[in-house]
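Written out below as structure tokens is the structure these notes cover.
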Amino acid sequence: MTRDAVSLIKADHRVLERLFEQVKQAEPEDRMRLVTEIEARLNAHSRAEEEHVYPALIAADPDERGEVHHGAEEHLEAEELLTKAKESTLNFTGKFQKFVDAVAHHIEEEETDLLPALRKAVAAAELRRLGEQFDQARRAHLAEAGIQADVPEQVTKEELYEQAKAADIPGRSSMTKDQLAEAVRKS
Ligand SMILES: [Fe+2]
Ligand SMILES: [Fe+2]
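1033 is the number of the first residue of the sequence shown in this note's numbering; add one for each residue after it.
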């Protein structure tokens, strides 16, 4: 079951959020390894969005151009804040929190504005194709950063339901996960 671009991006947001929590709980000597992983994952995620997802949204809905540019600026801002935290010898915690807050704000904007706009503007099959492009680009960038192991997580029933709702599949609320997957695949 291929996840569409919206599901994949949201799932990757959750991966980043889990890593943020791990940094907060880590011993100082383990922290840098996690921060380096976050840096690689965030860069791979943002570049893949900028290369495939953002242009697709602008093409499908030119009114979103401003929001898309704003999103790309926030990617840059987050990267700068993470570099500052990484390089700080004093007050890592405060600087890392600033970075986390900026990313949380960006994720919220994407999930409440850009991604719903994308789902609305792009047909389901195109959204799945875009998901493949996003994922391939993201993995290629991760590989460049030396992160090979990136086991895809299972698609959840909630994600399938969201896709079924977007495709207006009748009877979706009483379907099992397998039935939802089948109906979404055929849509
Ligand atoms: Fe994102
Ligand atoms: Fe983003």
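Virtual Cβ for every residue (Gly too), placed ideally from N, Cα, C.
Self-check item: Separation of residue 1143 from residue 1040, as counted between CA atoms
Solution: Position 8 of the sequence shown, counted from the start, is the residue given in the question as residue 1040. Position 111 of the sequence shown, counted from the start, is the residue given in the question as residue 1143. Answer to the nearest angstrom: the Cα atoms are 12 Å apart.
Exercise. Classify residue 1053 as buried or exposed, calling it buried when 16 or more other Cβ atoms lie within 10 Å of its own Cβ.
Key: For the purposes of this step, residue 1053 is taken as the residue at position 21 of the sequence shown. Under the 10 Å beta carbon count, residue 1053 is surrounded by fewer than 16 other beta carbons and is classified as exposed.
Quiz item: Whose CB is closer than 6 Å to a heavy atom of ligand 2? List the residues in chain order.
Solution: This criterion selects 1078, 1081, 1103, 1107, 1138 and 1142.
Quiz item: Between residue 1041 and ligand 1, is the CB less than 7 Å from at least one heavy atom?
Solution: Stepping through the sequence shown from its first residue, residue 1041 is reached at position 9. Yes.
Quiz item: So what's residue 1115 in DSSP terms, helix, strand or just coil?
Solution: Here residue 1115 refers to the residue found at position 83 when the sequence shown is read from its first residue. The answer is helix: DSSP assigns residue 1115 an H, G or I state.
Quiz item: Going by C-alpha distance, which of 1085, 1049, 1204 and 1193 is nearest residue 1136?
Solution: Your numbering for residue 1136 matches position 104 in the sequence shown. Nearest C-alpha to residue 1136: 1049.
Quiz item: Under 7 Å from any heavy atom of ligand 1, does the C-beta of residue 1045 make it?
Solution: Counted from its first residue, the sequence shown places residue 1045 at position 13. Result yes, Cβ under 7 Å from ligand 1.
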